[in-house]
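Quick notes on the structure that follows.
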Amino acid sequence: MTDDTDTRSGTGHGTDTGTGTATGTGTGAEGRSRGKGWGIAIAACVGLWLVQNGSEDLTPPVPTAAEAFAAGPHQHTDAAADPLPPSAPVRVRIPEIDVDAPVMRLGLAPDGSLEVPPAGNPNIAGWYKDGTPPGAKGTAIVAGHVDNSEGPAVFYALGALKKGHRIEVTRRDGTTAVFTIDAIEVYENGEFPDRKVYGPADRAELRVITCGGEFDEKTGYQGNVVAYAHLIGAR
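Listed below in structure tokens is the structure:
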């Protein structure tokens, strides 16, 4: 798949999806106006690879308490850069966990939840196409699978990241937005903090979301891992 991927997802079925529903009156990913709110996360975290292998030794890394907001900011937190003009993302790179993947556009499923990338392609991420583009002012949302039936997927190692690590997003206009991670947190199903994750921002921020937390062979992953980041520059 090339850098200008903009394939739309299908029906929203997948192996790893989140549970949050964001509401609000802002624009883009920080709160579109809908009567009953709008779903922006992904649906059932089945974890087919772990179910088939039957081993908890294969579970993805879980963020440590030191990487949460409650532990305080990274001591070398970089200053926020001015937001960029809006431009759709085409590729995401996270060097510390060897992520280098095309980004497809995602819409909303009929039930209001976020569509997910095809489960058959493990190395692809998705961006909510009606939300804030990464690098522009506001909160941009990028989501991806943690695994599929064949093995680890694009954001399998998301929980291993630390404050200060970089996320790079190449955009359709040719610029690359560079983000630094502010925190990595994990939330149990039913306790997903919609407003914290999707709420409005007065600078360019990014959320990268996948499944994680405890794994149950009957019900799958019990939560979501969220990486919080802000823009520090572009090239």
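All residue numbers for the sequence shown refer to my numbering, where the first residue is 2 and numbers rise by one. Built from N, CA and C at the ideal position, the CB exists for glycine as well. Here the structure is a predicted model, which means the values were calculated and not measured.
Counting only unbroken stretches of 3 or more residues, the beta strand (DSSP E) elements lying wholly within the stretch 71-155 are 90-95, 100-107, 126-129 and 139-145, in sequence order.
Looking from the CA of Gly139, the closest CA among His231, Arg236 and Glu215 belongs to His231.
Gly132 is classed as buried because its beta carbon has at least 16 other beta carbons within 10 Å across all chains shown. Judged by DSSP in its simplified three-state form, Leu159 adopts helix.
A straight-line Cα-Cα distance of about 22 Å links Gly224 and Gly108. Ala141 sits close to Arg208, with the two beta carbons spaced by under 9 Å.
When secondary structure is reduced to three states using DSSP, Val187 falls in the strand class. At least 9 Å separates the beta-carbon of Tyr222 from that of Ala184. Taking C-beta separations shorter than 6 Å and ignoring five residues to either side along the sequence, the partners of Pro84 in its chain run Ala137, Lys138 and Ala205, following chain order.
Per DSSP, Arg173 lies in no beta strand (DSSP E) and is assigned neither H nor E. Distance from the CA atom of Ala80 to the CA atom of Ile182, rounded to whole angstroms, is 12 Å.
In this model, Phe70 and Lys164 are separated by some 10 Å (Cα to Cα). Only residues of its own chain outside the window of five on either side were considered, and among them Pro62 and Ile98 have a CB closer than 7 Å to the CB of Ala161, listed in chain order. Annotated as proximal: Pro134 and Pro90, with beta-carbon spacing under 9 Å. Here the C-alpha atom of Thr65 lies approximately 12 Å from the C-alpha atom of Val227. For a cut-off of 8 Å, the C-beta gap from Glu189 to Gly213 is around 10 Å, too long to register as a contact. Annotated three-state conformation of Arg204 is coil, per DSSP. Closest by C-alpha distance to Val187, out of Val170, Arg173 and Leu159, is Leu159.
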